[in-house]
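Chemist: Protein chains in written order, with my numbering: chain A, 274 to 674; chain B, 274 to 674; chain C, 274 to 674; chain D, 274 to 674.
Just so you know, even glycine gets a beta-carbon here, dropped at the ideal spot from N, CA and C.
Bear in mind that the values here come from a model prediction, so they are computed numbers and not experimental data.
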């Protein structure tokens, strides 16, 4: 009877208050683009579909992430640094105070080193003969080409030397590892006078903790493993003592969220560029609080995800904020402050950052790296206070030989 | 022996001239985004992946499509007009002289009418209950919401009245149909004083031929069919004489390409937004020349495609320019002047147009609609001159009763 | 307070009846695959994500589409026939009685001809040099290769001769056009003794109406246009009288749905392979009934869509059944009988058909082509009975010169 | 002059030997599906596009991976175990002897535990209200629903108890960690008499090393971190000594490839289901050999990747085998023995495994876990023999305090 109802549209509409609500959104009537259009206008003009989502993400940056009491985590997956997104996009966002902690693949930090080392990667084409490339010693990431020897082998060589410095000789998380590496890279970057090209150096300067959840996966981890193999072969295990302990990172990242929400009564937001392990690691902080440590909590307040992975394949890379809410990763009462834009990252991320630079003031650096001990102490304190299973576990632990 | 060879990298490189060629592209070292960054800089700064492709597309617009002798076709698929891309993006590109002919789904032109009729579509959400929407008379296109009665039913009603005007009472292609419709819409648009909101009106004013390859598919075609049904039922076939003949469109679109290349010694380029039937229709002009009419020809000179369809599924929507070259649709010697960017259209298309507005001068309108008869005459002339099968076909045709 | 609540899980659960409902679905505990596994078992074993959707689609085929009173439409977009899905998949589904009407791109029917003409397409590679291909006269569809002259040029030549037969010399829809073409192709297929390789021939034999919503788009339409150009050039318009009128197709396809639901009290289901214009054309039948002809109606009862297009881009190709419900295309009360599986069509479609063949009995052919006049008469009758605008339109029509 | 050349097709073809080569592939002429069709036939029948790639992958399994001297690695990313692919697909492939080592996200192994613990996950819908789910204590992975308390909290609790057993109290890689966990899970699985439902148990029984490159990322790593926090808080660090050292995994996985190729003169193949960190970790073994350890080597021999990530976004998840060849990950001379199929994993992976079970004999288990010490010794030996940098590094190492 669809039709008949509509034939009396006039009277119907009066009895249909829900209708007005559906139609209460801004009218779709964008301004015409003109030669003088700027980035803010072009984004504000995007009314619908993924363009609309990008706009919503930009508005979240402007209205929510910009607040002093919001602690912002950035996760990056996919080969962003080889494409130059470090110098162009991520470092400006860091310098603007909008990255309080960073979760990244190891590969992104490995390729970040080439920039600090002044090694050149080049625009090329993806339609080349890879067997020929290999025979000529050229390596490819989609349409970026670079020399195998001069870039990869040489980066590895320098990295190994850095990791043989004394400050690296201990067990640590990637958080501390990247701090030491960032310090070394920062010196090289300043020597080379290339400007700010390395994310690791920028993070070091601004006290930003950087985490990699898969420390053995990437050429950095491969080179740590290579040195460990040498130490083992030569009986130098008492000299080379660098070991990455992932548990330190799990707790130290969790401590950031707990501190922001419970100790400083602030809010937390995430900017998830791509999916993968960096996204999972960043989002697991809330379940670590609630599910493992059993400290009451409510998940991230704000969530921006730019990705090409769709939810229907079941993977976390494409899982939307609403699904995360069912896990307690995102506060379920704030799903409308969560946005997923299915737009290519190399286009959308620079726009998001440019919009932010144009529409917000720089935020004061939280320098959470410097506060690592304090944050961890607060985490332990909360854990001991809330966890009801501690007695059992402690008694089991004590029985261990 | 990969490794050993590389161990003598110094000597190797001398004997490896191909290596330099691979590494000759611009170094990946983008500038830092800053608050003052403009659209041209942000795009020029995109070094790689789909961002790099978008940049390449923008540069093609600036360096090739901008030339006076380049005839540019624009194809649009996907629900772009409901999202406001008419007023924001397509009309400014038309007004800048960069659209000489247009291939579009009927749906895009149907929804274009709402804008001219001053009917409002609204920003909404895709996460709504559609059964509830339907019961309240609200219709949805992803995250756009509008009233079923006030928008759809009312647009249809007005459209039917327009199509009952005398100028529509004949057999025609969509090219002519949209011209008459555009004239009517242009008047309404000017009356409403809404500014330039309708693509059809803008095309009419500037003499741009518009084609829909699937004339019965969309509410426009549905309403033509509805009127035909009425005429049939009431024996008014001698009054209502509007019939769309798709063959006219096939030849008239082909004549545009032939004229540009063979009679004016110019070049042709296409801007393919999405895939589907509009893309196929635009690209089939070259095979129509070479394969069906048997007139020698070499395919489109320039090709920009922004799409989310990938080539591996076999469909034309995701087929890259190189595949099109094997059909003669694209000139095989110019594959490097063809770019596919897999970026969401609602983000990439406004950027492409803004970049063009900022970096090119307005082009003179070619007003190809006005020259329809001339172009068709030239097509017939070339066909008669080159086609070796004409004798056979003519004799078969003459034998028909 | 998430956590505290859960700490009293026992009591909570009693007061939480909704929980049981959420967890009432079949347990995820599939059987182990074994060497003897058959297609039905492998599909029934798919518990989740897109595999789960494919299973749901197969079950809809078995439980709903199999009923005698369900009229089934199949739409195909994307280059399926070049990949051999005609002989392997579509013809078996036709022969099983599960296709009552067909909506297809013209390209699919054009490439269907090669099979009947015994012209060979070959498995190849997509990683080839297309300029080299073109120079050697080889044409490519992704990884399928074939000869330009022997396949394309020769198919066109034969097609033109067929279309010069007397039965083609009139105005018609593609429905009638494909009937005549199918008759001719059926004869050729039987002569060649290749078995059943052509969809058009199979449709002809079984009285299945076939529609192409974009008749000028594809090589078939290009050749009709070529002949029309010749007739025009030579003044033979009184001999060559073939004209495709898309309005006939709009009404004749709509008449199928109206007849099934209103006159035979049956149900309708669609199988949408890919998106594009064929999907839109098939789904617009319900709005044509409700919105244009103003006959009360409730949309399709069942909907299966296998596609790689996602909803977030706004296009119809990826629009889900729930969005279609807000348009009245799908009955909003039956959204749970609609399934979208985002799985590659060349894998999912053969599985869907094999599952159907294994789990259902052949259905009796409805031979809707043969009943074309009757269906159209019923449509006119319903239209005249329900449409409240007829008086106005008739009077406008009568005033036409 | 395309056309003129083709007009003399006969003579042309003689002078065009490359043409025949292009057209030498099997003719596209599949058999008709019938009720009795089996999985082997349906796959062999897939001629083109992603269906063709799936067929090629199946043929690689049958012809190459089946050889006794081929060492096969399987990587899995995306939430496969919650969807039941452990019991249905992965365990049968393991039992058939086609998985010699496994690279997986931690999440997949965490959710594997639910099956062994006899906790139920349920088929549900993705179109549910997640805030309501959360309030009712139900957790969602796309369309799978399960109880937060009974499944997640309870799994965590049991896992913590297992990890407090003595055999876990040491530094180890995930390889050894999963071995101990697998042993415990195997006992539980056998107790519960549920059949073979856990991948970890199946891997344990068959001596298959399992690696997770991101050990802190997933609930398993979260619980290790939780226990470490407790040990730290209570001063029990001398009791709870479990620490995951990722370097051990890097070298132990690399040792598998080196042993297979250099010491046993065999071949290696990978089956990459999805992308992400597990894919990267599996493929980095060859660069670890060549680039870090500087042992000559040539990359994987065979490569099957089933994924929905496309190459153009630059990420490793979608990077094709040819790109991997430019890194030395895949042997560049064997790119034709590498296949990427862009098909949903929940459909394609069961088909790949069923095809393998139907067309190959079971392979003898290599039990590489049991040979861990031997493989590592061989790796050290090769490293010392080939690496030219050892002297420098050793001397730097010795200088450490």
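Is residue 409 (chain B) close to chain A, meaning its C-beta is less than 8 Å from at least one C-beta of that chain?
Modeler: Yes, because at least one Cβ of chain A sits closer than 8 Å to the Cβ of residue 409 (chain B).
Chemist: Name the chain C residues that come within less than 7 Å of residue 412 (chain B), Cβ to Cβ?
Modeler: Near residue 412 (chain B) (Cβ distances below 7 Å), the residues of chain C are 599, 600.
Chemist: Using a Cβ cut-off of 8 Å (strictly closer), state whether residue 399 (chain C) contacts chain B.
Modeler: It does: the Cβ of residue 399 (chain C) has a partner Cβ on chain B nearer than 8 Å.
Chemist: What does a CB cutoff of less than 8 Å around residue 670 (chain A) pick up in its chain, not counting 5 residues either side in sequence?
Modeler: Excluding residues within five positions, none has a Cβ falling inside 8 Å.
Chemist: Quick check on the DSSP output: what are the complete beta strand (DSSP E) runs of length 3 or more inside the segment 517–577 of chain A, in order along the chain?
Modeler: Qualifying beta strand (DSSP E) stretches, in chain order: 540–546.
Chemist: Contact check, residue 627 (chain C) vs residue 312 (chain C) under 8 Å by CB: the rounded distance?
Modeler: The Cβ separation is near 5 Å, so the contact holds.
Chemist: Between the Cα of residue 301 (chain D) and the Cα atoms of D:293, D:321, D:435, which residue gives the shortest distance?
Modeler: Closest by alpha carbon: D:321.
Chemist: Quick check: what's the CA-CA separation for residue 281 (chain D) versus residue 660 (chain B)?
Modeler: With a pLDDT of only 34 at residue 281 (chain D), under the threshold of 50, the placement of this residue in the model should not be trusted; the figure read from the coordinates follows. The straight-line gap from Cα to Cα measures roughly 14 Å.
Chemist: So residue 420 (chain B) is in the beta strand (DSSP E); what residue range does that whole segment cover?
Modeler: Element bounds for residue 420 (chain B): 417–420.
Chemist: Classify residue 684 (chain A) as helix, strand or coil using the three-state DSSP reduction.
Modeler: Examination of residue 684 (chain A) is not possible in this model, given that chain A is present from 274 through 674 alone.
Chemist: Determine whether the Cβ of residue 472 (chain C) lies closer than 8 Å to any Cβ atom of chain D.
Modeler: Chain D contact via Cβ: absent.
Chemist: Determine the closest residue to residue 450 (chain A) out of A:298, A:497, A:652, A:565, with distance taken between C-alpha atoms.
Modeler: Among A:298, A:497, A:652, A:565, the Cα nearest to that of residue 450 (chain A) belongs to A:497.
Chemist: Smallest Cα separation from residue 379 (chain C): which of B:290, B:557, B:621?
Modeler: Taking only the C-alpha atoms, the option nearest residue 379 (chain C) is B:557.
Chemist: When Cβ atoms are compared, which residues of the segment 446–463 of chain B fall closer than 8 Å to chain D?
Modeler: Answer set for the segment 446–463 of chain B: empty.
Chemist: Would you mind sorting residue 274 (chain A) into buried or exposed? The rule is 16 or more other CB atoms within 10 Å of its CB.
Modeler: Here the model assigns residue 274 (chain A) a pLDDT of 28, short of 50, so the residue's position is not dependable, and the following value carries that caveat. It counts as exposed.
Chemist: Ignore the nearest five residues each way along the sequence and tell me which others in residue 594 (chain A)'s own chain have a CB closer than 8 Å to its CB.
Modeler: Contacts found: 576, 578, 603, 608, 611, 612, 613.
Chemist: Using 10 angstroms around the beta-carbon of residue 287 (chain B), count the other beta-carbons present and answer buried if the total reaches 16, otherwise exposed.
Modeler: Low confidence applies to residue 287 (chain B): its pLDDT is 48, below 50, so where it sits in the model is not reliable, and the reading given next is rough at best. Its Cβ having fewer than 16 others within 10 Å, residue 287 (chain B) is exposed.
Chemist: Under the DSSP definition of a beta bridge, which residues are partnered with residue 374 (chain B)?
Modeler: Answer is B:346, bridged to residue 374 (chain B).
Chemist: Cβ closer than 8 Å: which chain A residues qualify as neighbours of residue 554 (chain D)?
Modeler: Chain A residues near residue 554 (chain D): 487, 489, 490.
Chemist: Find the residues of chain D that neighbour residue 585 (chain B), judging by a C-beta separation of less than 9 Å, and give them in chain order.
Modeler: Residues of chain D passing the Cβ test: 322, 323, 326, 583, 613, 614, 615.
Chemist: Suppose the cutoff is 7 Å on Cβ atoms and the five residues either side in sequence are ignored; what does the same chain contact list for residue 345 (chain A) look like?
Modeler: If we look at residue 345 (chain A) and ignore the five residues flanking it on each side, its Cβ neighbours are 338, 371, 372, 373, 542, 544.
Chemist: Please state whether DSSP places residue 613 (chain D) in a helix, a strand or coil.
Modeler: Here residue 613 (chain D) sits in strand by DSSP.
Chemist: Could you spell out where the alpha helix (DSSP H) holding residue 362 (chain D) opens and where it closes?
Modeler: Here residue 362 (chain D) belongs to no alpha helix (DSSP H), and DSSP marks it neither H nor E.
Chemist: Report yes if the CB atom of residue 586 (chain A) is closer than 8 Å to the CB atom of residue 581 (chain D), and no otherwise.
Modeler: In contact: residue 586 (chain A) and residue 581 (chain D) (Cβ atoms closer than 8 Å).
Chemist: Residue 289 (chain C) touches chain D at which residues, Cβ-Cβ below 8 Å?
Modeler: Ordered by position in chain D, the residues that pass the 8 Å Cβ test against residue 289 (chain C) are 409, 410.
Chemist: Which of helix, strand or coil does DSSP assign to residue 399 (chain A)?
Modeler: Reduced to three states, the DSSP call for residue 399 (chain A) is coil.
Chemist: Residues of chain C with CB under 9 Å from residue 576 (chain B), in chain order?
Modeler: Those within 9 Å of residue 576 (chain B) in chain C number zero; the least Cβ separation is about 13 Å.
Chemist: With DSSP as the reference, label residue 300 (chain B) as helix, strand or coil.
Modeler: Residue 300 (chain B): strand per DSSP, three-state reduction.
Chemist: Does the Cβ of residue 672 (chain C) have 16 or more other Cβ atoms within 10 Å, making it buried, or fewer, making it exposed?
Modeler: Exposed is the call here.
Chemist: Who are the near neighbours of residue 568 (chain A) in its chain, counting only those whose CB is closer than 6 Å to its CB and skipping five residues on each side?
Modeler: 562, 655, 659.
Chemist: I'd like to know whether the C-beta atoms of residue 305 (chain B) and residue 635 (chain A) end up nearer to each other than 8 Å.
Modeler: No, the Cβ-Cβ distance between residue 305 (chain B) and residue 635 (chain A) is not below 8 Å.
Chemist: Around the Cβ of residue 538 (chain D), are there at least 16 other Cβ atoms within 10 angstroms (buried) or fewer (exposed)?
Modeler: Exposed, by the Cβ-count rule.
Chemist: Contact criterion: CB-CB distance below 8 Å. Does residue 316 (chain B) meet it with respect to chain C?
Modeler: Not one chain C Cβ lies under 8 Å of residue 316 (chain B).
Chemist: Pick out whichever of A:480, A:589, A:357, A:512 has its Cα sitting closest to the Cα of residue 317 (chain B).
Modeler: Nearest option by C-alpha distance: A:357.
Chemist: Need the endpoints of the beta strand (DSSP E) that residue 620 (chain D) sits in, please.
Modeler: Careful: residue 620 (chain D) lies outside any beta strand (DSSP E), inside the alpha helix (DSSP H) at 618–632.
Chemist: Tell me, to the nearest whole angstrom, how far the beta carbon of residue 485 (chain C) is from that of residue 447 (chain C); I am working on the premise that it is less than 8 Å.
Modeler: The pair is a contact, with the Cβ atoms about 5 Å apart (cut-off 8 Å).
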